Amino acid sequence: MTERQLQFRVGLFTIFAIVAGTAMVITFGKLDSLFEKSYVIAVHYTHAPGVFAGTPVRKNGVSIGRVTDVLFDDEHGGVLLVTKIRGDVKLRIDATPHLARTLLGDSSINFEPGSSDQFLPPNARLEGTPPVDPMDIVNNFERQLSKALASFEATSSAWRELAVDTNGLINNNQEKFQLVLDRAAASLHEFSKSMQGMQQTIANANSLVGDPRNQEAIRKTISALPLLVTETRQIMTDTRKILAETKQAVTVARTSLGHVDENLENLKHVTKPLAERTASTVAKLESTLTNMESFSKELNEFIEVVNSEDGSLQKLAKDPALYRNLNRSAESLSILLTNLSPIIRDMRVFSDKVARHPELIGVGGVFRGSDGLKAPEPTTSVPESVPPPRISGSTSRGGQSSRR
Numbered sequence: 001m002t003e004r005q006l007q008f009r010v011g012l013f014t015i016f017a018i019v020a021g022t023a024m025v026i027t028f029g030k031l032d033s034l035f036e037k038s039y040v041i042a043v044h045y046t047h048a049p050g051v052f053a054g055t056p057v058r059k060n061g062v063s064i065g066r067v068t069d070v071l072f073d074d075e076h077g078g079v080l081l082v083t084k085i086r087g088d089v090k091l092r093i094d095a096t097p098h099l100a101r102t103l104l105g106d107s108s109i110n111f112e113p114g115s116s117d118q119f120l121p122p123n124a125r126l127e128g129t130p131p132v133d134p135m136d137i138v139n140n141f142e143r144q145l146s147k148a149l150a151s152f153e154a155t156s157s158a159w160r161e162l163a164v165d166t167n168g169l170i171n172n173n174q175e176k177f178q179l180v181l182d183r184a185a186a187s188l189h190e191f192s193k194s195m196q197g198m199q200q201t202i203a204n205a206n207s208l209v210g211d212p213r214n215q216e217a218i219r220k221t222i223s224a225l226p227l228l229v230t231e232t233r234q235i236m237t238d239t240r241k242i243l244a245e246t247k248q249a250v251t252v253a254r255t256s257l258g259h260v261d262e263n264l265e266n267l268k269h270v271t272k273p274l275a276e277r278t279a280s281t282v283a284k285l286e287s288t289l290t291n292m293e294s295f296s297k298e299l300n301e302f303i304e305v306v307n308s309e310d311g312s313l314q315k316l317a318k319d320p321a322l323y324r325n326l327n328r329s330a331e332s333l334s335i336l337l338t339n340l341s342p343i344i345r346d347m348r349v350f351s352d353k354v355a356r357h358p359e360l361i362g363v364g365g366v367f368r369g370s371d372g373l374k375a376p377e378p379t380t381s382v383p384e385s386v387p388p389p390r391i392s393g394s395t396s397r398g399g400q401s402s403r404r
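Residue 283 in UniProt numbering sits at position 283 of the sequence shown; the count goes up by one each step and never skips.
Written out as structure tokens, the structure reads:
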């Protein structure tokens with residue numbers, strides 16, 4: 001490799017490095033923002049932690065500019081942030097700039113769009129909403145959690161007292177509950193005996209029933225009675241389980257009763273307007289039902305007329321004579337139109353001839369006949385002093401008439 005080739009390659013590599021570096025600067029340095037149109041908006045905050053030159057400014061989560069300078073406001077106090085907004089982005093006059101801060105300390109200005117029809121002019125000043133410190137949120141959460149734990153402890157004590165009262169109530173009345181269950185079992189036993197007697201009665205009554213369908217229905221009913229007794233016994237067994245669960249239900253019931261009064265009071269406010277308008281509502285409903293009844297009567301009358309055998313609609317649907325008459329009328333109309341075709345053609349020829357020679361409708365046309373054909377127009381020019389020929393068609397028609 002010669003020295004000249006080495007210098008050429010080094011120069012080529014240098015040029016490539018310069019081009020690549022320039023491209024990276026343009027791409028990652030966002031130099032295109034230098035050529036964009038923009039305007040300045042000043043935002044005042046009481047404090048602005050984590051904000052510096054280059055902090056992004058967003059609207060609806062989309063970047064619309066950056067903070068160019070951070071100044072202390074000696075006149076009003078606080079911090080004045082100078083932002084540079086893209087020229088194609090318009091902010092409404094009631095837009096609110098919020099300073100958001102993440103847990104990692106990154107800050108950004110987020111504009112909430114307003115609803116005004118006017119837009120902010122350049123160099124306008126806005127009052128911003130300062131960010132919420134995450135540590136303040138943690139401290140507030142700790143205080144709220146302490147209050148919640150205290151309330152939970154008081155609630156647990158109340159539930160404990162309620163459970164003790166419920167257990168005492170059930171333990172003191174255990175004999176009464178058992179007596180109720182024994183009486184219920186005895187009643188079910190007597191009911192089972194009554195059902196057996198009823199089965200015998202139904203069996204005797206089957207001989208008096210003459211309809212086989214009734215006998216079959218009665219047999220099905222009697223067959224279902226033992227199953228009903230079995231299910232009733234199962235219900236009693238389940239009742240004992242329900243009584244055990246009632247201990248827990250009583251505890252929940254006392255809490256629920258406290259909310260029932262509130263719900264009833266709210267329901268009273270809801271139903272009071274309805275009660276005041278009950279008379280008008282009932283009157284409107286009665287009027288609507290009356291209209292529906294009259295409409296139903298008219299609809300029934302219309303259906304009776306439609307279903308009547310002597311009605312026009314029934315005859316139109318069932319009588320084939322109407323179709324035959326319509327078919328004959330259509331055939332007659334077709335024949336009539338066919339017969340009218342030569343008449344219309346002759347009228348067209350007549351109107352054309354009269355349009356060309358209006359003198360043909362004079363007195364001479366009455367005494368001279370016509371052959372019924374359209375005479376060709378003369379091709380030779382006629383002097384103004386000589387009247388146009390009138391007897392060519394009449395002569396031909398007269399000759400033809402004489403020959404006839």
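All residues carry an ideal CB built from backbone N, CA and C; glycine is no exception.
The model shown is predicted, which means the values in this text are computed figures rather than measured ones.
task = Work out the CA separation of L104 and T96 for me, nearest whole Å.
result = The residue given as residue 96 occupies position 96 in the sequence shown. The residue given as residue 104 occupies position 104 in the sequence shown. A direct Cα-to-Cα measurement between T96 and L104 gives close to 24 Å.
Boundaries of the beta strand (DSSP E) in which S63 is found, first to last residue = Taking the first residue of the sequence shown as position 1, residue 63 is located at position 63. In the DSSP annotation of this structure, the continuous segment of the beta strand (DSSP E) that includes S63 starts and ends at V62 to F72.
ask   = In whole angstroms, what is the alpha-carbon distance linking P378 and H357?
value = Walking along the sequence shown from the start, residue 378 turns up at place 378. Walking along the sequence shown from the start, residue 357 turns up at place 357. The predicted model places P378 with a pLDDT of 49, which falls under 50 and marks its position as unreliable; any figure quoted below should be read in that light. In this structure, the alpha-carbon of P378 lies about 12 Å from that of H357.
key: Exposure label - R348; buried when at least 16 CB within 10 Å   = Taking the first residue of the sequence shown as 1, we reach residue 348 at position 348. An exposed status is given to R348, since fewer than 16 other beta-carbon atoms sit within 10 Å of its beta-carbon.
key: Inter-stretch contact (C-beta, 8 Å, three-pair minimum) for the region 259 to 267 and the region 166 to 182   = The answer is no - the region 166 to 182 does not touch the region 259 to 267, with fewer than three Cβ pairs under 8 Å.
request  = Return helix, strand or coil for P320, following the three-state DSSP convention.
outcome  = Against the sequence shown, residue 320 aligns to sequence position 320. Reduced to three states, the DSSP call for P320 is helix.
inquiry  = With three or more C-beta pairs closer than 8 Å as the rule, is the region 52 to 66 touching the region 4 to 18?
reply    = They do not touch, by the three-pair rule.
ask   = Counting Cβ pairs closer than 8 Å, one from the region 83 to 99 and one from the region 117 to 136, do we hit at least three?
value = The region 83 to 99 vs the region 117 to 136: in contact.
ask   = In or out: A321 buried (at least 16 other Cβ within 10 Å) or exposed?
value = In the sequence shown, counting from the first residue as 1, residue 321 sits at position 321. With fewer than 16 other Cβ atoms within 10 Å, it is exposed.
task = Would you kindly report the start and end of the unbroken beta strand (DSSP E) that includes F111?
result = By one-based count along the sequence shown, residue 111 stands at place 111. Counting along the chain, the unbroken beta strand (DSSP E) around F111 starts and ends at S107 to E112.
key: Cα-Cα separation between V229 and S223, rounded to whole angstroms   = As a working mapping, residue 229 is identified with position 229 in the sequence shown. As a working mapping, residue 223 is identified with position 223 in the sequence shown. Their backbone Cα atoms lie some 11 Å apart in a straight line.
message = Residues in the same chain with beta-carbon distance under 8 Å from V199, minus the five sequence neighbours each way, listed in chain order, please.
response = Counted from its first residue, the sequence shown places residue 199 at position 199. It should be pointed out that residue 199 corresponds to Gln in this sequence rather than to Val. Result list for Q199: I222 and L225, in chain order.
message = Let me check understanding here. Comparing Cα to Cα, which of N123, T288 and S192 lies closest to I41?
response = Residue mapping note: residue 41 aligns to position 41 of the sequence shown, counting from 1. I41 has its Cα closest to that of N123, out of N123, T288 and S192.
request  = Kindly indicate which three-state DSSP category E75 falls into: helix, strand or coil?
outcome  = Your numbering for residue 75 matches position 75 in the sequence shown. In this structure, E75 counts as coil in the three-state DSSP scheme.
key: Residue from D88, K268 and A355 whose Cα sits closest to the Cα of L120   = In the sequence shown, counting from the first residue as 1, residue 120 sits at position 120. Here the closest residue by C-alpha is D88.
query = Which whole-angstrom value describes the C-beta separation of H44 and D69, a residue pair presumed to lie in contact below a C-beta threshold of 8 Å?
reply = To locate residue 44, count along the sequence shown from 1; it is residue 44. To locate residue 69, count along the sequence shown from 1; it is residue 69. About 13 Å; that fails the 8 Å criterion.
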